[in-house]
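Residue numbers (the working numbering): 451 to 686. Note that the Cβ used here is the ideal one computed from N, Cα and C, for glycine as well.
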């Protein structure tokens with residue numbers, strides 16, 4: 451027989467259920483919460499559990515921007531644990547953004563669609579790209595069509611990328627900026643070819659000179675200007 455001083459296992463289970471309610475269903479989920487206070491660099495968020503949780507304000511910031519958050523705002527957070535040793539809910543905005551981003555990215559990858567991202571860091575062999583919460587790897591060879599000496603102008607700027615491969619279980623995403631540029635150039639090339647006509651006079655930029663002539667960039671395609679057509683006089 452149990453007493454208040456010596457509760458049975460069933461009594462303890464009942465007490466736990468009374469304390470947490472349906473809290474078990476919260477863990478591992480993205481839920482909506484309300485910002486109840488801003489304390490220094492932390493946002494206090496109520497998600498309907500017994501205790502509120504605290505999330506670093508930096509998790510609400512976008513690359514190159516400060517967090518724009520105020521009391522009363524409704525936000526989505528990931529519930530890591532209902533309660534930690536301090537009696538607070540363990541919440542994460544980064545994880546919530548990552549989960550939502552993966553859902554969107556998987557659909558866009560299946561449709562071979564472009565995605566928008568921001569290059570924000572350098573790693574061995576390439577760069578890291580923020581895809582609205584999910585972090586992708588951009589190989590150095592996939593930055594541009596030609597080698598880029600200074601990548602600084604491309605950093606912290608929203609721009610399109612193509613997903614080459616992704617694995618949600620491993621958390622790996624590989625993207626390419628080069629694929630976007632090649633596709634754009636191909637479209638420009640097709641449009642230029644359609645606009646050209648025999649006898650038309652157009653401007654071009656000399657890219658390379660050989661013994662038999664010069665290669666000229668016509669704005670997307672290269673043309674050969676034969677050595678006999680370079681000048682009325684003989685070209686040495």
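Item                                                                                                                            : Value
3-residue-minimum beta strand (DSSP E) runs that sit fully inside the stretch 627-668, ordered along the chain                  : 655-660 and 663-667
Close-in-space but distant-in-sequence residues of the same chain around residue 462 (CB under 7 Å, 5 per side omitted)         : With a pLDDT of only 48 at residue 462, under 50, the local geometry of the prediction cannot be trusted, and the value read off the model is given with reservation. Contacts found: none.
Alpha carbon of residue 493 to alpha carbon of residue 657, nearest angstrom                                                    : 56 Å
Residue 580, DSSP secondary structure in three states                                                                           : strand
Alpha-carbon to alpha-carbon, residue 661 and residue 607                                                                       : 43 Å
Residues near residue 672 by beta carbon distance below 8 Å, same chain, minus five either side                                 : 657, 665 and 666
Start-to-end residues for the beta strand (DSSP E) that takes in residue 541                                                    : 540-542
CB contact flag (residue 677, residue 663, <7 Å)                                                                                : yes
Nearest neighbour of residue 632, chosen from 504, 644, 596 and 601 [CA to CA]                                                  : 596
First through last residue of the beta strand (DSSP E) which encompasses residue 487                                            : 480-489
Residue 490 versus residue 636 - alpha carbon distance                                                                          : 51 Å
From 583, 641 and 478, residue whose alpha carbon lies closest to that of residue 623                                           : 583
Cut-off 7 Å between Cβ atoms - residues of its own chain near residue 675, not counting five sequence neighbours on either side : 663, 664 and 666
Local Cβ density within 10 Å of residue 551, reported as buried at 16 or more and exposed below that                            : buried
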